[in-house]
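Enquirer: So the sequence shown is residues 0 to 133, counted in numbering that gives the first Met the number 0.
Each residue gets a CB set at the ideal place from its N, CA and C atoms; glycine is no exception.
Here the structure is a predicted model, which is why all the values come from computation and not from measurement.
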Amino acid sequence: MDPEIPVISIVELGIVRDIEEGSPPHVIITPTYVGCPATDMIQEMVREKLDAHGYGHIGIKNQLSPAWTTEWITDEAHEKLRIYGIDPPGGHTPSCPRCGSQNTRLISEFGSTPCKALHACKDCLEPFDRFKCH
Ligand SMILES: [Zn+2]
Numbered sequence: 000m001d002p003e004i005p006v007i008s009i010v011e012l013g014i015v016r017d018i019e020e021g022s023p024p025h026v027i028i029t030p031t032y033v034g035c036p037a038t039d040m041i042q043e044m045v046r047e048k049l050d051a052h053g054y055g056h057i058g059i060k061n062q063l064s065p066a067w068t069t070e071w072i073t074d075e076a077h078e079k080l081r082i083y084g085i086d087p088p089g090g091h092t093p094s095c096p097r098c099g100s101q102n103t104r105l106i107s108e109f110g111s112t113p114c115k116a117l118h119a120c121k122d123c124l125e126p127f128d129r130f131k132c133h
């Protein structure tokens with residue numbers, strides 16, 4: 000599970016990219032953005048899972064190119080984000096994940112984490128995070 004969004008996995012977020020064959024094989028992970036404070040934590044979590052399942056020999060590679068994009072987030076994960084209360088990324092008008100209203104305003108470019116912006120719904124008055132596209 001993602002350390003910042005506990006309802007979706009790092010596979011659904013597109014952070015786990017691939018398994019590279021070889022000796023040893025490697026799990027390829029791409030951080031959501033360079034300098035994301037969760038990157039080290041994610042790497043440690045993958046390490047722990049691998050070790051716990053007897054895959055201690057498998058390495059982990061950080062791959063920065065191609066850069067992660069919000070397009071790698073699966074459709075299912077978009078729905079889970081919305082249910083969790085985060086407006087998923089995409090070309091759509093920001094919409095309140097609670098009531099669906101598009102009558103919203105931007106409060107801050109930085110929400111609970113730097114990869115999200117803080118909006119507020121003018122109808123139900125609830126604030127919500129919106130995943131920024133990049
Ligand atoms: Zn609302």
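In this structure, does DSSP put ALA51 in helix, strand or coil?
Expert: Looking up residue 51 in the sequence shown gives position 52. In the structure shown, ALA51 adopts helical secondary structure according to DSSP, grouped into three states.
Enquirer: Any heavy atom of ligand 1 closer than 7 Å to the Cβ of TYR104?
Expert: Along the sequence shown, one-based indexing puts residue 104 at 105. The residue asked about is misnamed: residue 104 is Arg in this sequence, not Tyr. False, no ligand heavy atom lies under 7 Å from that Cβ.
Enquirer: If ASP122 sits next to SER107, beta carbons under 8 Å apart, how far is it from one beta carbon to the other, in whole angstroms?
Expert: Counting from one through the sequence shown, the residue named residue 122 turns up at place 123. Counting from one through the sequence shown, the residue named residue 107 turns up at place 108. Rounded, the Cβ-Cβ distance is 20 Å, inconsistent with contact.
Enquirer: Any residue with its C-beta under 6 Å from a non-hydrogen atom of ligand 1 counts. Can you list them all in chain order?
Expert: CYS95, ARG97, CYS98, SER100, CYS120, ASP122, CYS123 and GLU125
Enquirer: Are the beta-carbon atoms of VAL15 and LYS79 separated by less than 8 Å?
Expert: By 1-based counting over the sequence shown, the position of residue 15 is 16. By 1-based counting over the sequence shown, the position of residue 79 is 80. No, these two residues do not count as a Cβ contact at 8 Å.
Enquirer: Beta-carbon separation of LYS60 and ILE18 under 8 Å?
Expert: Indexing the sequence shown from 1 puts residue 60 at position 61. Indexing the sequence shown from 1 puts residue 18 at position 19. No, these two residues do not count as a Cβ contact at 8 Å.
Enquirer: Please confirm if the stretch 40-55 is in contact with the stretch 79-96, defined as three or more CB-CB distances below 8 Å between the two stretches.
Expert: no
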